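In what follows, a single structure is set out as structure tokens and then discussed.
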Amino acid sequence: MADRTLRGMRLGSQSLQSEEGVEFASRQRAQYRTTDGEFFEVVFSADAELPDTWESPKSGREGVLLAPDGTPIDIVQGEIKAARTHWDMLLERRSIAELEELLEERLQLLRERRGTAGSEKLGA
């Protein structure tokens, strides 16, 4: 019975839903300019906060947001925190003296495995 219902229908090529009663969200267009002078527009929701920079879909270069009069908007740089590295986090937990002691212990274990425990410092 289901076969008869779908007979003659092009599945996937046409939607059975209409756009009746559908209200689209309000939108705003933001214009950006790259350093080489390329202009491009991006559509955002009306209540979205516009980003100061956006990557060009054609060239991949970073564009700066333009004001409605066409002048670039000043980008306010906040305080940039340096990323914490593994070394920084390690130094928060241990002192340099403790790290040197741990290094010597591990090197001693490696030397014992290789059978070179007697010659701890070669060339010294």
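Residue numbers (the working numbering): 800 to 923. Yeah, the Cβ is synthetic: ideal placement off N, Cα and C, and Gly gets one too. Bear in mind that the values here come from a model prediction, so they are computed numbers and not experimental data.
Between the region 840-853 and the region 814-829 there are three or more C-beta pairs closer than 8 Å, enough to call the two in contact. Within the region 844-893, the runs of beta strand (DSSP E) at least 3 residues long that lie entirely inside it are, in chain order, 852-854, 861-864.
Under the 8 Å Cβ criterion, the region 852-865 counts as touching the region 830-843, having at least three qualifying pairs. Annotation for glutamate 819: no residue places its beta carbon closer than 6 Å to its own, counting only its chain and skipping 5 residues before and after. With at least 16 other beta carbons inside 10 angstroms of its own, glycine 862 counts as buried.
If you ignore the 5 residues before and after tryptophan 853, its C-beta comes within less than 6 Å of the C-beta of Tyr831, Val841, Gly862, all in its own chain and listed in chain order.
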